[in-house]
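Shown next, in structure tokens, is the structure this report addresses.
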Amino acid sequence: MTQGKAESEGPLARSSVLAGGLFEAALQQNPLANALVDVSGQMIFVNDAFCEMSRRTREELLGCHSVTLIHADDLAGTVMGLDRLDAGARVVRQQRRHRRGDDTWVANDALTTFVEVDGERFVHVQVLQHTEIEDVSLDDETRERLVSGADTDVSCFHNPNGEIVQTNGRLGDRLGYPSNWLQQRRLTDPDLGPVAVGGRPLVEADDPVLEVLRTGQDVTRTIGFRTATGDIAWMSVRAVRTGADRFAVRTSLRDITELIRAQEEARYLAAIVEEELTYRADHDSLTGLLARHAVYSMIDERLMVGESVSVVFVDLNRFKAVNDTYGHLIGDEVLIGAARRLVELGPDAVAIGRTGGDEFVAAFADCAAADRFCAEASSGSLTSGVMPLITASVGVAHLRVGDTVRDLLRRADDAMYQAKRAGVDAGASIART
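Last residue of the sequence shown: 447 in my numbering, with the numbers rising by one and none dropped.
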């Protein structure tokens, strides 16, 4: 069994390794924009055409999380496309909007598929064509709501102390306060509960009117005001010096509450997508067990803090014959059933995962628990019911002084193959090192 590459490699290092392959060389020469994304969502390869389309350098793109390049309204469709690939689709064609380095947008018509490079799975994206578009800041419904409210902008005049001395009344209407209650108050008055995007309370030093009075320069700032009902009304505040004495500064306040909410929803959706991609990266898509690298990482973490660990490798016997006789769909059911049984047998396991094919790995903090797991896993069939009965060869390695992760994995792997050779005619078998 071949061990995985070092999981500590970063996207730049991995990109330089990938760049030497024939597949990546072909992508580099392709006139269409091409990119490879790892299962966690990080960009690990882009060709020149992709850089040109994105208006970013290769260094800016490599290691960038792909979620940050996709418009929020298109994230759900992107996840659905990945689900279709997981379900067996060979390729998915999708339209989505791509944010470029200069904050403009292009509409992409792209093909997405899974590819394997050096035994590792990636998402391959090829942009068939892209078209520049002007405004993708909001969906149509939100944009319509904002446009319909464009004539409700608030105007205020402020004295040289920054206090409101005149308003068209709309600020009071929007916040639910009488207009005369707002008189002689600054925009950062604590009674208005002013906050910045993110929730930080604003103080006098943040007041845009006072900044205009101090610097003479126009100021635009986003402020959230607490309404009489306790909600937050978000305003884009533009403050301009008038040159007059009593009415020293004029402010225009545009209600952008819907925009801020849309942005918050987009951030929330992006977080969900990132969490989903992280889960996919750490789990086997067929069995739901941990992926190989996730189990190895847990073993490494225990060794780094000086904690004991035993490693068990499990290999299903004659699994190829199951696929050849019953087909791959039944073979998948056997793998799922075996995974479920291993989880039942290892309630004390630190981690149980699938390393690929018909091989599994488990880690235990206690030697006795690892031995019990091995005895159960090798004592009979790991499947039941209508599925073909299948046994396993099991190898276990207990921690020795000075062992590294590689040492433990190698000895457990050797023990498993020793058990397989010994039990080739006898069915289930076990070996220890």
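All C-beta atoms in this analysis are idealised placements derived from N, C-alpha and C, irrespective of residue type, glycine included. As the structure is a computational prediction, the values presented were derived from the model and not from experiment.
Keeping to the same chain, check which residues put their C-beta closer than 8 Å to that of residue i; ignore five residues upstream and five downstream.
| i | result |
| --- | --- |
| Arg306 | Gly18, Gly367, Arg368, Thr369, Gly370 and Val375 |
| Leu46 | Ala63, Gln140, Val141 and Leu142 |
| Val161 | Confidence is the limiting factor: at Val161 the pLDDT is only 32, short of 50, which leaves the residue's position unreliable, though a coordinate-based value still follows. So the list is empty, once near-sequence residues are dropped. |
| Gly230 | Arg255 |
| Ala210 | Leu216, Asp220, Thr236, Ile237 and Gly238 |
| Thr82 | Arg113 and Ala284 |
| Trp195 | Gly186 |
| Arg316 | Ser322, Val323, Val364, Ala377 and Ala379 |
| Glu290 | Val93 |
How about residue i and residue j: do their beta carbons lie closer than 8 Å?
| i | j | result |
| --- | --- | --- |
| Thr491 | Trp248 | Limits of the chain in this structure are 15 at one end and 447 at the other, which puts residue 491 out of reach. |
| Leu50 | Phe128 | no |
| Asp329 | Glu278 | no |
| Asp123 | Gln140 | no |
| Asp220 | Thr202 | yes |
| Ala411 | Ala429 | yes |
| Arg69 | Asp132 | no |
| Val364 | Phe378 | yes |
| Val325 | Thr397 | no |
| Phe59 | Glu73 | no |
| Arg260 | Asn173 | yes |
| Val223 | Tyr310 | no |
| Gly404 | Ala353 | Residue identity check: residue 404 is Ile in the sequence provided, not Gly. Cβ distance not < 8 Å, so Ile404 and Ala353 don't count as in contact. |
| Thr292 | Ser80 | no |
| Val199 | Glu177 | Reading the sequence as shown, one finds Arg at residue 199 and not Val. Cβ distance < 8 Å, so Arg199 and Glu177 count as in contact. |
Quick one: what does DSSP say residue i is sitting in, helix, strand or coil?
| i | result |
| --- | --- |
| Pro361 | coil |
| Val375 | strand |
| Asp123 | strand |
| Arg159 | Confidence at Arg159 is low in this model, with a pLDDT of 39, below 50, so the placement of that residue should be treated as unreliable; the coordinate-derived value is given next. DSSP places Arg159 in helix when its eight states are reduced to three. |
| Ser395 | coil |
| Gln197 | coil |
| Ala215 | A small fix is needed here, since residue 215 is Pro in this sequence, not Ala. Residue state, collapsed to three classes: strand. |
| Glu225 | helix |
| Ile344 | helix |
| Ile404 | coil |
| Leu170 | According to the sequence displayed, residue 170 carries Cys and not Leu. Reduced to three states, the DSSP call for Cys170 is strand. |
| Ala384 | helix |
| His297 | strand |
| Thr202 | coil |
| Asn61 | coil |
| Ala436 | helix |
| Asn331 | coil |
| Ala40 | helix |
| Thr236 | strand |
| Asp417 | coil |
| Asp269 | strand |
| His307 | helix |
| Ser511 | As displayed, the chain neither begins before 15 nor continues past 447, which places residue 511 out of reach and without an answer. |
| Thr118 | coil |
| Thr243 | coil |
| Asp456 | Absent from the structure is residue 456, since the part of the chain shown begins at 15 and ends at 447. |
| Gly207 | coil |
Short of 6 Å in beta carbon distance, which residues of its chain neighbour residue i, apart from the five on each side in sequence? Order them along the chain.
| i | result |
| --- | --- |
| Leu206 | Phe239 |
| Thr145 | Ala121 |
| Leu89 | Leu283 and Val287 |
| Ile147 | Trp119 and Ala121 |
| Leu125 | Val105, Arg107 and Gln140 |
| Cys78 | Met57 |
| Ser250 | Thr236, Arg268 and Ile270 |
| Glu225 | Val233 |
| Glu158 | With a pLDDT of only 38 at Glu158, under the threshold of 50, the placement of this residue in the model should not be trusted, and no figure is reported. |
| Asp296 | Ala305 and Ala308 |
| Arg114 | Ser68 and Arg69 |
| Arg294 | Val53 |
| Asp100 | Ser299 |
Give every residue of the same chain whose Cβ lies closer than 7 Å to the Cβ of residue i, excluding the five residues on either side of it in the sequence, and list them in chain order.
| i | result |
| --- | --- |
| Leu189 | Phe239, Thr241, Ala242 and Ala247 |
| Leu300 | Asp346, Leu349 and Ile350 |
| Met312 | Val364, Ala365 and Ala377 |
| Asn182 | Val168 and Ser169 |
| Val336 | Ile344, Gly345, Val348, Pro402 and Ile404 |
Which whole-angstrom value describes the C-beta separation of residue i and residue j, a residue pair presumed to lie in contact below a C-beta threshold of 8 Å?
| i | j | result |
| --- | --- | --- |
| Asp346 | Asp362 | The Cβ separation is near 28 Å, so there is no contact. |
| Ala262 | Leu227 | 6 Å |
| Ala426 | Phe327 | 5 Å |
| Leu359 | Phe387 | 6 Å |
| Asn61 | Leu41 | 5 Å |
Indicate, with yes or no, if the ligand FMN has a heavy atom lying under 7 Å from the CB of residue i.
| i | result |
| --- | --- |
| Arg260 | As for the ligand FMN, it is missing from this structure, which has no ligand bound. |
Given 8 Å, three or more beta-carbon pairs between the segment 334-349 and the segment 307-322: Verdict: no, contact absent.
Counting Cβ pairs, one atom from each stretch, are 3 or more of them under 8 Å apart for the segment 85-103 and the segment 64-72? The segment 85-103, when compared against the segment 64-72, does not touch it at the 8 Å Cβ threshold.
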